[in-house]
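Note that full-length UniProt numbering has the sequence shown beginning at 1, numbered continuously upward.
Cβ atoms here follow ideal geometry from the backbone N, Cα and C, with glycine treated the same way.
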Amino acid sequence: MLDAAAALLANAEDLERQWDCTAKGQSGLVRFGVAPMPPRAFLSEALLERLSTAPEVRNDVIVRNVDALLPLLVAGEIEFFIAAEGQIPETIPVRAEGVGRCPRGLIVRPGHPLLSEDAREGSYPVLISGGMGSARLADMREPGDGPHHIVEDFGTLVRLTAATDAIWHCSAFAVAEEIELGLLCELPESIYMDPPDFRIMAYSLERRSLSAPAKALLHIFRRQIGILLPRHRPASPPQIRLP
C-alpha cells in the first residue's frame, strides 16, 4: 500500500510539473511555418535558443512560400507562420502580429560595377526571391533597368548573384553568412527603396489562441531580430551618380 501510494504521489507530482512547464511554454509541441526569406536568417538562432532554454518542447517547422503556408494555417496543421508583410489576402481571417523589421537590401557580387567610386546606373539583371509579396514588388527600385527574374531556390539566387552583374532584392539578414565569407556584398543605403525596411509578421487564425510554447517561441524570434538588426547595415559606400 505504501509503495502504491508513493507511486501515485510521484505520478501526481510529475503531472503537475508537466502542466507547469506547458503553462510556461517549456514543454509541448509547436507546429509552425516560416517563409524562405528573410526568416531563414534567424530561424536557426531562434531554434538554438529554444533547444537550450526549453529542451522539452518539440518543434515541427515547415519552410515554404506563403501560398503554401496559408492553407496549412487555415486547416489547423500549423499554429502560426512567419513571413514578410503584404502577402496575405484581406479576405482571409488571420491575426497578424509584428515580430520585427528587416532592412531591404540590394545584393551584388564583390567587384560589381555599382561598387566602384565612379559607379553609374546601368542595365543589370534583377533577381527576385520567389513568393515575395505583390505589395513589396510594387515599390521596388533598383539602379538598373534589366529584366526581372523570379527564382524560388535560395542556392540558385546566391550562385547567380555571385557569378553575374545581377542585382538581387534580398535582405542582408538572409545572406549574412555569404557576406561575411566575401561571396556577396550589399549596395549602399543611398539607393535603397523607400521605406528602407519592411515588417516581419506572425500570422495565426483569429479564432484560435496561440499556445504558451508558441507565444514563448515568438518572443525568441523578436529577440533574435533585435540582435541581428545592428549587424547587417552596410557601411557608408560611394554615392551612385545617375546618368
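| Nearest residue (CA-CA) to E186, options S116, V151 and L217 | S116
Q. Ordered along the chain, which non-local residues of its own chain (more than five positions away) have a Cβ less than 7 Å from that of A162?
A. R109, L183 and L184
Mind checking L217: buried by the 16 CB within 10 Å criterion, or exposed? Counting Cβ neighbours within 10 Å, L217 comes out buried, since at least 16 surround it.
Report task. Rounded to whole angstroms, what's the CA-CA distance from P113 to D165? Just pull it up for me. Result -> 8 Å
Can you say whether G105 is buried or exposed, counting buried as having 16 or more other CB atoms within 10 angstroms of its CB? buried
Mind reading off the beta-carbon distance from E85 to F198? Whole number of angstroms is fine, and I expect it under 8 Å. 6 Å
Practice prompt. Rank P103, G155, L69 and G98 by C-alpha distance to the C-alpha of I92 and give the top, closest one.
Written response: Among P103, G155, L69 and G98, the Cα nearest to that of I92 belongs to L69.
Rounded straight-line distance, which links the Cα of Y203 to that of W168: 26 Å
| message | Which runs of the alpha helix (DSSP H) at least 4 residues long sit entirely within the stretch 60-85? Give them in chain order. | response | You should have 66-74.
Is it buried or exposed for residue 273, if we count other Cβ within 10 angstroms and need 16 for buried?
Any answer about residue 273 is impossible in this case: the structure gives the chain only from 1 up to 243.
Practice prompt. Can you grab the Cα-Cα spacing for the pair A135 / E56, in whole Å?
Written response: Confidence at A135 is low in this model, with a pLDDT of 45, below 50, so the placement of that residue should be treated as unreliable; the coordinate-derived value is given next. Cα to Cα, the separation comes out at about 39 Å.
field: Secondary structure of H149, DSSP reduced to three states
entry: strand
| Which residue or residues does DSSP assign as beta-bridge partners of D197? | P103
What is the rounded straight-line gap between the Cα of F80 and the Cα of H219? 13 Å
Is P36 buried or exposed, if buried means 16 or more other CB atoms sit within 10 Å of its CB?
buried
Would DSSP call G111 helix, strand or coil? coil
Check: Do you know offhand how far S44's Cα is from G122's?
Finding: Going from the Cα of S44 to the Cα of G122 covers about 37 Å.
* Return helix, strand or coil for E56, following the three-state DSSP convention. => Secondary structure at E56: strand, using DSSP grouped into helix, strand and coil.
(Q) With H, G and I counted as helix, E and B as strand and the rest as coil, what does DSSP make of R17? (A) Below a pLDDT of 50, predicted positions are generally treated as unreliable, and R17, at 46, falls in that range; the measurement from the model is reported next regardless. Here R17 sits in helix by DSSP.
Can you list, in chain order, the residues of its chain with a C-beta nearer than 8 Å to that of Q224? Leave out the 5 residues immediately preceding and following it.
F42, E45, A46 and E49
Q. Residue 245: buried (16+ other C-beta within 10 angstroms of its C-beta) or exposed?
A. There is no way to answer for residue 245, as the model of the chain reaches only from 1 to 243.
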